[in-house]
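Participant: The structure is given below, and queries will be raised subsequently.
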Amino acid sequence: MALATATAPVIAGRQAGRRRPAASWALLAVTAAIVIVAIAAPGLIAHVSPTATGDDILAAPSGAHWFGTDQLGRDMFSRTVYGAGPVLIASLLGVALATAAGVAIGLAAGMAPRWLNSVIMRIVDVLLAIPVLMIALILIATAGSGVRSIVIAIGVAFTPGFARVVEASVRKLRSVEYVQAALVFGSTTARTSLRHLLPNLMTEVIVLGTSAIGWAVLTATTLSFLGLGVQLPQPDWGSDLAAGATYLSTSWWLATFPGLAITLTILVANFIGDSLMTVLDPRAQTEASGR
Amino acid sequence: MAAFIARRLATAVPVMLGITFVAFILIHLIPGSPARIILYGSQATPQQIATLTSRLGLNQPLWEQYARFLGQLLRGNLGTSYLTQTSVAHELLSRTPSTLILTGSAMVVAIVIGVPLGVLAGARPNSLLDRGARGISFLGVAIPYFFLALLLVLLLSVRLRWFPAIDNGTFAALVLPAVSLGWGYAAILTRLVRGRIIEEYRSEYVTSARARGCGEGRILLRHALRNSSVPAITTIGLQFGNILTGAAVTEVIFGRAGLGSYLATSITSKNIPVVQGAIVLIGLAYVLINLAIDLIVGIVDPRARVA
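Now the structure itself:
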């Protein structure tokens, strides 16, 4: 499912191809720093506890409370900063999980005998026919709510899409001379996969994974928006956005800042995805044919 | 063409079977026995739970249970809801039209905004219009539909009072949900179509059309756009499942009575037959839409019939 979104930037990226690598790496470094601080030490940015209530309830944004306060007087700036953790952990770990599983399945299917390949790929087709959010919801129904369940949900829901792309590339690579040569010289299937195919797939896998992060952030926040992620009073962009929706007509800032945070995160994730694609794979031959 | 249709149908059958299996196996994946979920809160004795388990047929061999599940499915029987003891098929089908209308409207929004914007941007790369379109679509992909929905409600319902924020059955009430859901997919389509049009303009048949004295408008619409239409159509088909689940979430925001809220409560209350029925229904819709899209692509692009 994520693939259509993942392939759309391919084309946009190709046109914007004159982006300088140095600028892209700098952006990546700055973002990585922000991500690490947001996950490991949000206290460096926000000095108030995100759960501390106060007398100043539903206050509009001001010098004292940059993003205003909610119905319990909690500082929305602090909640927005601390809320980054669960979203980023869920989407980054989820994508990492899906990438690992997708590569493993794709490699195995691509190198497997024909009958086994069609069995695996038909199963992948079945999973691709069930929407990502639906798979995630079902998994959360079985595993319970919380960040760990969202990681698993994203990991499982994104795996079929990755497996599809990797399998297609493996099949293409299999007929290339050096792979054929390795097999002829007695290299085992496993060794060929790990020593010859995997390194050549790395670029594609990194690009694929990065492009999926934006989509994963959307999925993670949708799930917590539905109340299936971090439980209140702990801060979380999705659940804070949902909570703020109740006060929409009177206190616009409650829903707006978590929402803007999600938008900005997806924006940056997509931008990095596009940049990485142009930097790592200048040819970017992936066609957006869809299937 | 007939052989092409037959081949497509043949590949759809195993996928559909697989989806029914996923739906079926769910009953054994969810922790806690179904009998316990049904009898929850009634101080049931182990005896009662055992009786109900055997009445539900849950102690038979797995393949027998699956065969029975399939048999019921083919007769249009999706079982009864654990909570209300009503027919799941009836409950689901009565809520489906509303969700499908929203899904369809969002797709229309996506196509009506995305395709023209992509064509205009692609025809004049790096023009002011192209930059604007690129900016809008970059933002469109990034902004979550549930956040856009709230922003639109804040601006167009609360402040300007143009559209109702809560569903009242009118067409006006459909506008905000459809726009907020369709916007992101419009952005995806804009990027896709723009890229394709630029690509097509570089190809030799466009040069040759120009050499023959073909007008620019004709080149754009009859040649470049037509050749870009296949990836755009397939993308819409692949996104159908996401738009459908997005519609379910959007429904909850706008208080629309559809599959969304019903499914959400069913998942949290472990009302398994409803979830199973929804998986089969959504899976079937996805398979049918993509079958239809394969046929459309087969009509638009005769080469696709061979591969």
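If you read the sequences in order, they're chains A and B. The opening residue of the first sequence carries number 1 in my numbering; numbering runs sequentially from there. The opening residue of the second sequence carries number 1001 in my numbering; numbering runs sequentially from there. C-beta: ideal position from N, C-alpha, C; glycine also. Source: prediction; values computed, not measured.
If we ignore side chains and look at the alpha-carbon of each, how far apart do Val10(A) and Leu1078(B) end up?
Facilitator: Note that Val10(A) scores 43 on pLDDT, short of 50, meaning its location in the model is unreliable and no value can be drawn from it.
Participant: Does any residue of chain B bring its CB to less than 7 angstroms from the CB of Ile266(A)?
Facilitator: Judged by the 7 angstroms Cβ criterion, Ile266(A) is in contact with chain B.
Participant: Let me make sure I understand the geometry here. Which of Ser1105(B), Tyr1286(B), Pro1116(B) has the alpha-carbon closest to that of Met134(A)?
Facilitator: Of Ser1105(B), Tyr1286(B), Pro1116(B), the residue nearest in Cα terms is Tyr1286(B).
Participant: Enumerate in chain order the residues of its own chain whose CB-to-CB distance from Ala1023(B) is below 6 angstroms, with the five nearest sequence positions on each side excluded.
Facilitator: Contacts found: Gln1276, Ile1279, Val1280.
Participant: Compile a chain-ordered list of the residues in the stretch 1094–1124 of chain B whose CB is closer than 8 angstroms to at least one CB of chain A.
Facilitator: Listed in sequence order: no entries.
Participant: Spatial neighbours of Pro1231(B) within its chain, please: CB distance less than 8 angstroms, with the 5 preceding and 5 following residues excluded, ordered by chain position.
Facilitator: These residues qualify, in order along the chain: Leu1192, Arg1196.
Participant: Please report whether the beta-carbon of Pro1014(B) lies at a distance below 7 angstroms from any beta-carbon of chain A.
Facilitator: Closer than 7 angstroms: yes.
Participant: Classify Ser149(A) as helix, strand or coil using the three-state DSSP reduction.
Facilitator: Here Ser149(A) sits in helix by DSSP.
Participant: Would you list the one or two residues that DSSP bridges to Asp240(A)?
Facilitator: Answer is none; Asp240(A) lacks a bridge partner.
Participant: Distance, Cα to Cα, Ser1208(B) vs Arg1218(B)?
Facilitator: Their Cα atoms are separated by approximately 13 angstroms.
Participant: Under 8 angstroms Cβ-Cβ, which residues of chain B neighbour Leu44(A)?
Facilitator: Going along chain B, no residue has its Cβ under 8 angstroms from Leu44(A), so there is no contact; the nearest lies around 26 angstroms.
Participant: Interface residues of chain A around Tyr1205(B) at Cβ under 8 angstroms?
Facilitator: By Cβ distance, chain A contributes nothing, its closest Cβ being about 18 angstroms from Tyr1205(B), past 8 angstroms.
Participant: By Cβ distance below 7 angstroms, which residues in the same chain neighbour Ser1228(B) in space, the five residues on each side in sequence not counted?
Facilitator: Excluding residues within five positions, the ones whose Cβ falls inside 7 angstroms are Val1193, Arg1196, Ile1197, Glu1200.
Participant: What is the DSSP secondary structure of Ser1033(B), counted as helix, strand or coil?
Facilitator: Coil at Ser1033(B), not helix or strand.
Participant: Classify Ile1113(B): buried if its beta carbon has 16 or more other beta carbons within 10 angstroms, exposed otherwise.
Facilitator: Label assigned to Ile1113(B): buried.
Participant: By Cβ distance, which residues of its chain are closer than 6 angstroms to Arg291(A), with the 5 residues on each side in sequence left out?
Facilitator: Since pLDDT at Arg291(A) reaches only 29, below the 50 mark, its modelled position is unreliable, and no value is offered.
Participant: For a contact defined as C-beta to C-beta under 7 angstroms, what are the partners of Arg164(A) on chain B?
Facilitator: Per Cβ cutoff of 7 angstroms: no residues; Arg164(A) is ~11 angstroms from chain B at best.
Participant: Who are the near neighbours of Ala153(A) in its chain, counting only those whose CB is closer than 6 angstroms to its CB and skipping five residues on each side?
Facilitator: Only Ala136, Leu139, Ile140 meet the Cβ criterion.
Participant: Starting from the C-beta of Leu1009(B), find all residues in its chain whose C-beta is less than 8 angstroms away, skip the five residues before and the five after it, and write them out in chain order.
Facilitator: Excluding positions up to five away in sequence, the list reads Leu1291.
Participant: For Gly296(A), which of Tyr82(A), Gly85(A), Leu127(A), Phe67(A) has the nearest alpha-carbon?
Facilitator: Since the first and last residues shown for chain A are 1 and 291, residue 296(A) lies out of range.
Participant: Among Leu276(A), Ala143(A), Ile262(A), whose alpha-carbon lies nearest the alpha-carbon of Gly1140(B)?
Facilitator: Nearest C-alpha to Gly1140(B): Ile262(A).
Participant: What does a CB cutoff of less than 8 angstroms around Ala16(A) pick up in its chain, not counting 5 residues either side in sequence?
Facilitator: Here Ala16(A) scores only 47 on pLDDT, less than 50, and its place in the model should not be relied on; the value that follows carries that caveat. Same-chain partners within the cutoff: Asp274, Thr278.
Participant: Give every residue of the same chain whose Cβ lies closer than 6 angstroms to the Cβ of Leu1288(B), excluding the five residues on either side of it in the sequence, and list them in chain order.
Facilitator: Here the set comprises nothing.
Participant: Would Asn1242(B) count as contacting chain A if we go by Cβ distances under 7 angstroms?
Facilitator: True, the Cβ-Cβ gap to chain A drops below 7 angstroms.
Participant: How long is the line joining the alpha carbons of Ile120(A) and Val1153(B), rounded to whole angstroms?
Facilitator: Approximately 45 angstroms, taken between the alpha carbons.
Participant: Going along chain A in order, which residues have a C-beta closer than 8 angstroms to the C-beta of Ile1267(B)?
Facilitator: Under the 8 angstroms cutoff, chain A gives Leu137, Ile138, Ile140, Ala141.
Participant: With 16 other CB atoms within 10 Å as the buried threshold, where does Ala1006(B) fall?
Facilitator: Ala1006(B) comes out exposed.
Participant: What are the residues that DSSP puts in a beta bridge with Ser1087(B)?
Facilitator: Paired residue(s): Thr1080(B).
Participant: Just how far apart, CA to CA, sit Ala1106(B) and Thr256(A)?
Facilitator: Rounded to the nearest angstrom, the two C-alpha atoms are 23 angstroms apart.
Participant: Is Lys1270(B) buried or exposed, if buried means 16 or more other CB atoms sit within 10 Å of its CB?
Facilitator: Lys1270(B) is buried by the Cβ-count criterion.
Participant: Please report the distance separating the alpha-carbon of Arg171(A) from that of Arg1161(B).
Facilitator: Cα to Cα, Arg171(A) sits roughly 56 angstroms from Arg1161(B).
Participant: What residues are listed by DSSP as bridge partners for Thr69(A)?
Facilitator: For Thr69(A), which the question treats as bridged, DSSP gives the partners Asp75(A).
Participant: Buried or exposed for Asp55(A), going by 16 or more other Cβ atoms inside 10 Å?
Facilitator: Asp55(A) should be labelled exposed.
Participant: Using a Cβ-Cβ cut-off of less than 9 angstroms, list which residues of the stretch 1132–1144 of chain B approach chain A; keep chain order.
Facilitator: Taking 9 angstroms as the Cβ-Cβ cut-off against chain A, the residues of the stretch 1132–1144 of chain B that qualify are Arg1134, Ser1137, Phe1138, Leu1139, Val1141, Ala1142, Ile1143, Pro1144.
Participant: Counting C-beta neighbours from all protein chains within 10 Å, is the total for Gly1169(B) 16 or more, i.e. buried, or is it exposed?
Facilitator: Classification of Gly1169(B): exposed, given that the 10 Å Cβ count is below 16.
Participant: For Ser249(A), decide whether its Cβ has a neighbour in chain B, counting only Cβ atoms nearer than 7 angstroms.
Facilitator: Closer than 7 angstroms to some Cβ of chain B, the Cβ of Ser249(A) qualifies, so yes.
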